[in-house]
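Numbering (our numbering), first residue to last: 539 to 923.
The structure appears right after this line, and notes come after that.
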Amino acid sequence: MAHDDGARLVLDGVQIMCNWAVKAASLPDFECVLERGHHAIILEHFDRLFEATMVLSWAESGLSKMAPVGSKSMFHRAAEGLEQEPTAVPENSGVLTAHSDSITCLAFSANGEFLATASEDRRVRVWDVKNRKESRAFSGHALGTQAVAFSPDGRLLASGGYDRKIKLWDLVQGSEAATLAGHTDFVGALVFGHDGKLLFSGGNDGTIRVWSTSKGTLLRTMVGHGAGVTALALSPDGRELASASMDHSVRLWDADTGGERGKLLGHADWVEAVVYSPDGKRIATGSWDYLSKVWDALTGREILSLPGHHSEVMSVAFSPDGSKLVSAGNDAVLRVWELPSGKELRTLAGHGGQVLTAAFQPGSGNVLASGGVDGTVRFWSLDPK
539 MAHDDGARLV LDGVQIMCNW AVKAASLPDF ECVLERGHHA IILEHFDRLF
589 EATMVLSWAE SGLSKMAPVG SKSMFHRAAE GLEQEPTAVP ENSGVLTAHS
639 DSITCLAFSA NGEFLATASE DRRVRVWDVK NRKESRAFSG HALGTQAVAF
689 SPDGRLLASG GYDRKIKLWD LVQGSEAATL AGHTDFVGAL VFGHDGKLLF
739 SGGNDGTIRV WSTSKGTLLR TMVGHGAGVT ALALSPDGRE LASASMDHSV
789 RLWDADTGGE RGKLLGHADW VEAVVYSPDG KRIATGSWDY LSKVWDALTG
839 REILSLPGHH SEVMSVAFSP DGSKLVSAGN DAVLRVWELP SGKELRTLAG
889 HGGQVLTAAF QPGSGNVLAS GGVDGTVRFW SLDPK
C-alpha cells in the first residue's frame, strides 16, 4: 500500500522498499505503480520474520495485461524496469552461482583463500576463491541466513539468521560445532574477536551479545541502541567494536569491557553498514538515506558524505590499502570512491537487482566480491586498465 508521504511502499507498517516511489495511492493494498517506467508490483505472503515472497508483475504503461516475472524473495530485482544510468564497467572477473535466493552477506577468510556466503535460501556456502569452486555447504538454519563471519584462524565459521540462532561450523571437519541461542529477534550481524575466542552478534532485538566460542556460552549483553543492530565491525587492533543500527546511529564500544565509548550521528535513516579502514583511523558507514559517510575513528568527526546512490546503501568496504571505498546499493550498482578526495571513480553494474553485500579479498590488492538478490557472487578487478 502507498505510504501517506506518497513516496514509499509499506506493508504492515514495515518500510520495505524505499527506493520505489509510488504514485497511485488509490490502488488496492499491496499494489502500486512505480514512477520510473510505470510498472506495477503486487506483493503476496509476508510474515514478521521477513520470510517473504513477492510476485512481481509488470507491464508498460497503456498495456492491460500483466506479464508475470515470477516468485522471488523479499528484496527482488529492483532494477528490472527501472532506468539505468550509462556506466563504464570494469572487467567482471568471475561469477559464482549455487544459491537459489538472495545472497545477504559475504565474508573472506583472513588469508583471502576462501569466501563464505549467507543466503535467504537458508544455506551457508564456502568457496575456494582461486578455483571459483564450492568447498563446503552447510544446512541447519530453519529460516534465511543474514550474517556470516570467519574466525581469524579460518577454522570456524559463524552464521546467523531469521531463526534467531547462531551456528558455529567446524571448517576442518565440515560439521556443526555449536548452536548459540539468546537473541529474541533475528541475527543480522556477526564478527569474531581478534583472537577468535569471542564472537560478537547483533540482533534485531537491539542488543549485541558476546559469546565464548570454545564453550558456546553467553558472556555479556551490550545494550544501548534503540532499534535493531544491522552491522558490526571490529577495529584492526581488536580493541573497539562499532555497531550500526536502525536507530540511525553508530555506537563505539570497548571490545574488552563492553563499555560504550561514543556515537557517530549524522545519518537521517537506518545505518545498514559499518567498517573500519585498514589502518583503523577511519570508519565508513552506509545508510538508507542513500549516503555513504567516512568518519574520523578517534574524534567521531564526519570527514566525507558521499551522495550518488539512488537508493539505500547496503554495504561499504575499504580497499586493502585504504585508498578506495566501495558502496553497494539497492539501486543495483556498486560505486567506487577515491579517498581522501571523495571523488567517484567508477560504477560497477552487472547484478540483476539490489546489491546487498561487498568485500575486498585480503591480500589481493583490488579484487572485490559482491552479492545480491540475483543469487550470484560477482568478482571485480579494480586494477587500472
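Beta carbons: idealized from backbone N, C-alpha and C, even for Gly.
Predicted model only: the values in this text are computed from it and were never measured.
If you look at Lys703, you'll find it in the beta strand (DSSP E) that goes Lys703 to Asp708. Within the same chain, Arg702, Gly741 and Asp743 come within 6 angstroms of His721 by CB-CB distance, once the 5 residues on both sides are set aside. Rounded to whole angstroms, the Cβ separation of Ala680 and Leu728 is 17 angstroms, and the two are not in contact under 8 angstroms. Distance between Phe730 and Arg758, taken at the CA atoms: about 14 angstroms. For a cut-off of 8 angstroms, the C-beta gap from Ser781 to Val767 is around 5 angstroms, short enough to register as a contact. Within the model, the alpha-carbon separation for Trp707 versus Arg674 is close to 10 angstroms. Just so you know, the alpha carbons of Gly901 and Leu863 end up roughly 16 angstroms apart. In this structure, Val832 sits near Ala822, with a CB-CB distance shorter than 8 angstroms.
Boundaries of the beta strand (DSSP E) harbouring Glu882: Glu882 to Ala887, taken from the DSSP string.
For Arg663, the uninterrupted beta strand (DSSP E) run begins and ends at Val662 to Asp666, by DSSP. Annotation: the continuous beta strand (DSSP E) that includes Trp749 extends over Thr745 to Ser750.
In the structure shown, the three-state DSSP call for Trp826 is coil.
The DSSP-derived three-state label of Asp834 is strand. Counting of Cβ neighbours within 10 angstroms places Val915 among the buried residues, the total reaching 16 or more.
Only buried fits Gln892, as 16 or more other CB atoms lie within 10 angstroms of its CB.
Here Phe724 carries a coil assignment [DSSP, helix/strand/coil]. Linking Ser750 to Asp817 through their CA atoms gives a straight-line distance of about 27 angstroms.
In this structure, the alpha-carbon of Ser879 lies about 21 angstroms from that of His848.
Apart from the 5 residues on each side of it in sequence, Ala636 sits with its Cβ closer than 7 angstroms to the Cβ of Arg663 and Glu672 in its chain, given in chain order. Distance between Ala719 and Ala769, taken at the CA atoms: about 19 angstroms. Take the alpha-carbon of Ile841 and the one of Ser815: they are about 13 angstroms apart.
Bridge pairing for Tyr700: absent [DSSP].
By the neighbour-count criterion, in which 16 or more other beta carbons inside 10 Å mark a residue as buried, Leu694 falls on the buried side. Taking Leu779 as the centre and dropping the five residues before and after it, the same chain places the C-beta of Phe738, Leu770, Leu772, Trp791 and Ala793 closer than 7 angstroms to its C-beta, in chain order. DSSP, read as helix, strand or coil, puts Gly731 in coil. Check the Cα spacing between Ala855 and each of Ala811, Arg789, Ser787 and Ser697: the tightest is with Ala811. At a Cβ-Cβ threshold of 8 angstroms, Gln684 and Gly726 count as neighbours. Out of Leu644, Val788, Arg884 and Trp826, the CA that lies nearest to the CA of Leu920 is found in Arg884. Here Asp921 carries a coil assignment [DSSP, helix/strand/coil].
Boundaries cannot be given for Val911, as no beta strand (DSSP E) includes it and DSSP labels it neither H nor E.
Put simply, of Lys819, Met784 and Trp918 the residue whose alpha carbon is nearest the alpha carbon of Leu872 is Trp918. For Arg839, there is no enclosing beta strand (DSSP E), as DSSP marks it with neither H nor E. Taking a contact as a CB-CB distance under 8 angstroms, the pair Gly909 and Leu644 counts as one, their CB atoms being some 5 angstroms apart.
Non-local C-beta neighbours of Asn904 in its own chain, meaning closer than 6 angstroms and more than five positions away in sequence, comprise Leu920 and Asp921, ordered along the chain.
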